[in-house]
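To start, the structure under review is shown below, and the notes come after it.
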Amino acid sequence: MSLDVPTAVFTRGASMVVAAASRPASDVPRGPRDFLSARPDGAYTVAEARRATPSAPYVLDDARAHVERLARAAETPREATREACADALRVALDACAAHDAFDGFDAVVVTALARAVDANARGEVVVDVLVRGARRDEKTERDDAGSVGAYVDVANARTRSAREPWDVKYSGWIRERAPFERRLAAWNAANPNDACVECVMTRAVVDADGEIVDHELLEGLTTNFAAVSSSMTNERTIHRACENVLRGVAMDRLDAALRAASAARRAADSESTDPSPPSPVTLSNVLSGVYDAAFITNALKPAVPIDYLIIDRGAAAPPRRVPLPRSRALRARLLDVHVPAAVAHPTAHADA
1052 MSLDVPTAVF TRGASMVVAA ASRPASDVPR GPRDFLSARP DGAYTVAEAR
1102 RATPSAPYVL DDARAHVERL ARAAETPREA TREACADALR VALDACAAHD
1152 AFDGFDAVVV TALARAVDAN ARGEVVVDVL VRGARRDEKT ERDDAGSVGA
1202 YVDVANARTR SAREPWDVKY SGWIRERAPF ERRLAAWNAA NPNDACVECV
1252 MTRAVVDADG EIVDHELLEG LTTNFAAVSS SMTNERTIHR ACENVLRGVA
1302 MDRLDAALRA ASAARRAADS ESTDPSPPSP VTLSNVLSGV YDAAFITNAL
1352 KPAVPIDYLI IDRGAAAPPR RVPLPRSRAL RARLLDVHVP AAVAHPTAHA
1402 DA
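Heads up: the sequence shown is residues 1052 to 1403, going by the numbering used here.
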């Protein structure tokens, strides 16, 4: 197999295998989906690592958060569990930094999978790591992305999270999310002018009698989702799922960036009010035009502005396109100094 970027697989207790355009290797997966699907289920994480100079080691962004995610593979994580996860990541990244196949790549994308050993009584885990070279093209990302949409699947809403357990990033989700991916692909094939890069899952909100009174927009298949509303005083409030989702580091950064911008505005404007705490994104508010901006986020797509939502309620109502006119302006004005640019094109749907 020949790849356009260097790709390495590292398994604890085995030697590293590297594939690149000039160095084919049949046992190296093409990407995270193949890597995770070929292995037993476990907890996984996807992150970016960078190096400051060509001879420097790769340093993982938010390493502690990603180690903690991997450690969740053990039912009762211990400090030794976290050390094993951190060591596997460090060894893999150091090996890639020293390998000539990664010359010229200042950033890599890391997919790591941890799975429990035996009955997990001692919190032991085995960690496999996939490392792929990443190329940056910030101008393409920011200027040539075109209109970006998100498909909101209301017709298949659950009463809880679509992911169980929702508080662990587990590799079995790659198989379980297939029905959502098929519906997204079917929509895009039938509606190329309103194609979407992500499917946002929903939860039915029921009253005491069990009647559905609204829907909450939870998260994407590989991303967190947030919407923003603006008050009459131009104060911006972030809305996101507060329960039944695994909130990532990128969402925390987005939240912090909006709050920092609000704090600066309050300091300059005595009439500006304190920001409201995050609240859920509801379908009724989407349809009422309460939100004027929205974003999807993950470790590789820190803040992708969403220009429109496609609301699909199945047989209950025709699909509806809801524009979000201020997403790009908000990204440009408020977030560039707080949220780093992604290494990948924002319209490319991540496969993990």
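Where is the CB? At the ideal position from N, CA and C, for every residue including glycine.
Values in this document were obtained by computation on a predicted structure and should not be read as measured data.
Query raised in the report: Expressed to the nearest angstrom, what Euclidean distance is found between the alpha-carbon atoms of Ala1307 and Ala1380?
Result: 18 Å
Query - Residues sharing a beta bridge with Ala1277, DSSP - result: Arg1291 and Phe1346
Query raised in the report: Less than 7 Å separating the beta-carbons of Ala1103 and His1117?
Result: no
Requested in this report: Taking Ser1088 as the reference, give the member of Leu1164, Glu1119, Leu1272 and Ala1292 with the closest Cα.
Outcome: Leu1164
Query raised in the report: Using a Cβ-Cβ distance under 7 Å, would Ala1201 count as near chain D?
Result: As a matter of chain content, chain D is missing from the structure shown, which is built from one protein chain.
**Report entry** Reduced DSSP secondary structure (H/G/I, E/B, other) of Val1056
**Finding:** coil
Query raised in the report: Between which two residues does the beta strand (DSSP E) containing Pro1374 stretch?
Result: Arg1371 to Pro1374
Query raised in the report: Given that a residue counts as buried once 16 or more other Cβ atoms are within 10 Å of its Cβ, and exposed if not, what is Ala1152?
Result: buried
Report task. Quick one: using the 10 Å Cβ neighbour count with 16 as the cut-off for buried, is Ser1222 buried or exposed? Result -> buried
Query - Whole-Å CB distance - Leu1268 paired with Leu1334, under 8 Å assumed - result: 7 Å
Report task. Output yes or no for whether 7 Å exceeds the beta carbon distance between Asp1343 and Ser1281. Result -> yes
Query raised in the report: Between which two residues does the alpha helix (DSSP H) harbouring Asp1085 extend?
Result: Pro1083 to Ser1088
**Report entry** Straight-line gap, Arg1233 to Asp1363 (C-alpha atoms, nearest Å)
**Finding:** 14 Å
Requested in this report: To the nearest angstrom, report how far apart Arg1377 and Asp1154 are at their CA atoms.
Outcome: 40 Å
**Report entry** Bridge partners - Leu1360, DSSP secondary structure assignment
**Finding:** Ala1201 and Val1373
Report task. Can you have a look at Ile1361 and say buried or exposed, based on whether 16 or more other CB atoms are within 10 angstroms of its CB? Result -> buried
Report task. Kindly identify the DSSP beta-bridge partner or partners of Ile1263. Result -> Val1257
Requested in this report: With DSSP as the reference, please indicate the residues paired to Val1333 in a beta bridge.
Outcome: In the sequence under discussion, the amino acid at residue 1333 is Thr, which differs from the Val named in the question. Answer is Glu1267.
Query raised in the report: Under 7 Å between the Cβ atoms of Ala1449 and Ala1345?
Result: Residue 1449 lies beyond the stretch modelled for the chain, which goes from 1052 to 1403, so this question has no answer here.
Query raised in the report: Val1068 by DSSP, collapsed to three states: which one?
Result: strand
Query raised in the report: Which value, in whole angstroms, describes the spacing of the CA atoms of Val1199 and Asn1336?
Result: 20 Å
**Report entry** Neighbourhood of Ala1124 by C-beta, 6 Å cutoff - its chain only, sequence neighbours within 5 removed
**Finding:** Gly1093, Ala1094, Ala1165, Arg1166, Ala1167 and Val1176
**Report entry** Phe1061 - partner residues in DSSP beta bridges
**Finding:** Val1180
Query raised in the report: How many Å lie between Pro1122 and Glu1130 at the Cα?
Result: It should be pointed out that residue 1122 corresponds to Ala in this sequence rather than to Pro. Near 9 Å, if we compare the C-alpha coordinates of Glu1130 and Ala1122.
Report task. If I'm right that Ala1213 touches Val1161 with Cβ under 8 Å, what's the distance once you round it to whole angstroms? Result -> That pair is no contact at about 26 Å.
Report task. With DSSP as the reference, label Ala1125 as helix, strand or coil. Result -> coil
Query raised in the report: Arg1384 by DSSP, collapsed to three states: which one?
Result: helix
**Report entry** Reduced DSSP secondary structure (H/G/I, E/B, other) of Glu1249
**Finding:** strand
Query raised in the report: For Ala1403, which of helix, strand or coil comes out of DSSP?
Result: coil
Report task. Give the secondary structure of Leu1140 by DSSP, where H, G and I count as helix, E and B as strand, and everything else as coil. Result -> helix
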